[in-house]
Amino acid sequence: MLNPSFYTQTRVSILIITGGSKVYNKMDYKRGDKVEVVNNEEGFKGSFFPANIISKVSDNEYIVQYRTLVKDDNSGPLREVLSAKNIRPAPREIVASGFRLSESVDAYVEDGWWAAKVVGKSGSDYVVRFDNECEEKTYPLDLLRVHQDWKCKDGVWVFSGK
């Protein structure tokens, strides 16, 4: 299992491409960059999985190697060719000594990060409710991180707070 303290800030370049009235941001990832891959498949919508950039395939595609997912035959880490729109830089690490009620967090569950809100506390653990779900689950502090939103237009992470 991935240790959430493994995350560090990643420097990336942003190229702004203008076309008509639209502005597009394009991340210029390099081999070894730590990223997260969004999964929008049924049952995984909105989850993010830690990965590294292996290589650039084209202007809009990269080969990534997941740090927490393995091939179906368990022969090694899973690699995929992905569109740049499904990749974001790994968020900067924000060390949290605790969370407040209603605070937005990400919970590390089943090898990925899922957005949730703190709805209570049970001893030293936190009770969270995942976005778009009614179910509540309890997690220790080391499996939670401060939720941050990636603003691709500006190329920055924004602390979301509540």
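To convert, take the position in the sequence shown, counting from 1, and add 1227; that gives the numbering used here. All C-beta atoms in this analysis are idealised placements derived from N, C-alpha and C, irrespective of residue type, glycine included. Every value quoted in this text rests on a predicted model; they were computed, and no experiment measured them.
is_contact[residue i, chain B] using C-beta, thresh 9 angstroms
i: residue 1278; result: Annotation note: the requested chain B is absent from the structure, which comprises a single protein chain.
Chain-order list of residues whose beta-carbon lies under 7 angstroms from that of residue i (same chain, five-residue window excluded)
i: residue 1286; result: none
i: residue 1284; result: 1290 and 1308
i: residue 1280; result: 1256, 1257, 1258, 1259, 1260, 1262, 1289 and 1291
i: residue 1276; result: 1263, 1264, 1266, 1293, 1295, 1296, 1338 and 1339
Cβ neighbour criterion (16 or more within 10 Å) applied to residue i
i: residue 1367; result: exposed
i: residue 1326; result: buried
i: residue 1386; result: exposed
i: residue 1330; result: buried
i: residue 1264; result: buried
Residue i to residue j span [Cα, whole Å]
i: residue 1363; j: residue 1356; result: 5 angstroms
i: residue 1259; j: residue 1302; result: 21 angstroms
i: residue 1359; j: residue 1345; result: 14 angstroms
i: residue 1294; j: residue 1347; result: 31 angstroms
i: residue 1381; j: residue 1353; result: 32 angstroms
i: residue 1339; j: residue 1298; result: 16 angstroms
i: residue 1321; j: residue 1378; result: 17 angstroms
i: residue 1374; j: residue 1328; result: 14 angstroms
Chain-order list of residues whose beta-carbon lies under 6 angstroms from that of residue i (same chain, five-residue window excluded)
i: residue 1236; result: Reliability of the predicted coordinates at residue 1236 is poor, the pLDDT of 36 falling under 50, and the value obtained from them is presented with this limitation in mind. Around residue 1236: 1319.
CA nearest to the CA of residue i, picked from the options
i: residue 1350; options: 1313, 1282 and 1365; result: 1365
i: residue 1323; options: 1369, 1347, 1336 and 1298; result: 1369
i: residue 1312; options: 1278, 1254 and 1374; result: 1254
i: residue 1278; options: 1315, 1383, 1361 and 1374; result: 1315
i: residue 1337; options: 1343, 1296, 1268 and 1383; result: 1296
C-beta atoms of residue i and residue j nearer than 9 angstroms
i: residue 1274; j: residue 1341; result: yes
Cutoff 8 angstroms; reference residue i; Cβ partners in own chain excluding five residues on either side
i: residue 1271; result: 1339
i: residue 1304; result: 1292, 1293, 1294, 1296, 1297 and 1298
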